[in-house]
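Report on the structure given below.
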Amino acid sequence: MNPLLLVTAVPAEADALRAALGPAATAAGHTTTAAGPGSTAAGHTTTADPGSTDAAHSTADPHAMPDPAAVPGRGGGADPHSLAVVVEAVGVGPAAAAAGTARLLARRPYRAVISVGIAGGFPGRAAVGDTVLAARTIAADLGAESPSGFLPIEELGFGSSTLTIDAELLQSLRAALPHAITGDILTLSTVTGTAATTARLATRFPQAVAEAMEGYGVAIAAAAAAVPFAELRTISNPIGPRDRAAWRLADAFAALRAAAPALLTLP
Numbered sequence: 047m048n049p050l051l052l053v054t055a056v057p058a059e060a061d062a063l064r065a066a067l068g069p070a071a072t073a074a075g076h077t078t079t080a081a082g083p084g085s086t087a088a089g090h091t092t093t094a095d096p097g098s099t100d101a102a103h104s105t106a107d108p109h110a111m112p113d114p115a116a117v118p119g120r121g122g123g124a125d126p127h128s129l130a131v132v133v134e135a136v137g138v139g140p141a142a143a144a145a146g147t148a149r150l151l152a153r154r155p156y157r158a159v160i161s162v163g164i165a166g167g168f169p170g171r172a173a174v175g176d177t178v179l180a181a182r183t184i185a186a187d188l189g190a191e192s193p194s195g196f197l198p199i200e201e202l203g204f205g206s207s208t209l210t211i212d213a214e215l216l217q218s219l220r221a222a223l224p225h226a227i228t229g230d231i232l233t234l235s236t237v238t239g240t241a242a243t244t245a246r247l248a249t250r251f252p253q254a255v256a257e258a259m260e261g262y263g264v265a266i267a268a269a270a271a272a273v274p275f276a277e278l279r280t281i282s283n284p285i286g287p288r289d290r291a292a293w294r295l296a297d298a299f300a301a302l303r304a305a306a307p308a309l310l311t312l313p
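Numbering (the working numbering), first residue to last: 47 to 313.
Below, the structure written as structure tokens:
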């Protein structure tokens with residue numbers, strides 16, 4: 047069976063997934079190296095606890111990976127083609143996500159690709175620590191401004207800003223994660239940081255539960271390769287006026303690690 051591809055934005059998210067998945071997962075296309083102090087399983091330098099700073103700058107995980115040489119099927123000649131899950135960080139934002147995912151999908155076949163990571167939650171729809179699944183991935187800022195308001199790309203005649211999640215994959219995810227919240231997840235190149243933008247997005251997208259920066263890019267690459275796509279996020283903060291003191295990255299990473307083993311049950 048072809049492996050499942052989990053795409054994250056930053057190494058901290060990938061590290062959290064690998065820590066939770068253990069020997070079933072590794073980085074794409076290569077075996078892992080020992081994770082000593084100041085390093086991760088994929089060879090990224092760690093700088094801080096993920097619960098103490100912005101996830102885009104933090105690459106550490108408090109649950110250190112074991113030495114791959116001591117784990118059956120890891121390191122020292124492990125065949126990445128035999129792994130159940132491949133985890134890779136591809137960068138922040140939809141462009142990096144699309145390019146990185148396309149590169150990975152061109153290397154070998156995967157049975158599905160899931161955009162995974164932390165996100166902001168719409169107040170009243172998804173709380174800090176919640177796990178959310180996308181029913182649709184929407185590029186919320188893809189379009190044009192006008193005196194009468196925002197025009198989505200559909201109204202310009204240049205394609206679609208909305209991609210629907212593979213129905214069978216979403217059904218399997220909902221069965222594996224029965225407490226997860228399902229709704230639309232927005233993709234934005236600029237993270238929301240004001241009350242006015244929060245209100246506009248909440249009104250435009252009444253079914254949206256969260257916003258992140260990569261889902262639509264991953265979805266575009268998956269669609270081009272005819273690979274089923276889904277998006278899974280855990281909530282680190284309420285969407286609203288930017289306030290780093292309100293971020294609960296440790297809670298979001300804990301939820302991400304808790305959700306990860308369920309991905310091994312996907313068909």
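For each residue, glycine too, the CB sits at the ideal point set by N, CA and C. A quick note: this is a predicted structure, and the numbers were derived from the prediction, not measured.
{"Query": "Nearest to Ala181 by CA position, among Ser218, Pro307, Leu295, Ala292, is which residue?", "Result": "Ser218"}
{"Query": "Rank Val264, Ala306, Ile164 by C-alpha distance to the C-alpha of Ile184 and give the top, closest one.", "Result": "Val264"}
{"Query": "Pull up the distance between the alpha-carbon of Ala62 and that of Phe251, whole angstroms please.", "Result": "30 Å"}
{"Query": "In the DSSP assignment, what residue or residues form a beta bridge with Thr238?", "Result": "According to DSSP, which records beta bridges pairwise, Thr238 is partnered with nothing at all."}
{"Query": "Give me the Cβ distance between Pro49 and Val132, rounded to the nearest whole Å; I'm assuming they're in contact under 8 Å.", "Result": "5 Å"}
{"Query": "With DSSP as the reference, please indicate the residues paired to Leu50 in a beta bridge.", "Result": "Val131, Ala158"}
{"Query": "What do you get for Leu202, buried or exposed, if any count of 16 or more other CB atoms within 10 angstroms of its CB means buried?", "Result": "exposed"}
{"Query": "Output the distance between the C-alpha atoms of Ala300 and Leu150, rounded to the nearest integer angstrom.", "Result": "27 Å"}
{"Query": "Let me know the secondary structure DSSP gives Pro307 once reduced to three states.", "Result": "helix"}
{"Query": "Below 8 Å between beta carbons: does that hold for Gly163 and Ala55?", "Result": "yes"}
{"Query": "In whole angstroms, what separates the C-alpha of Ala221 from that of Glu277?", "Result": "15 Å"}
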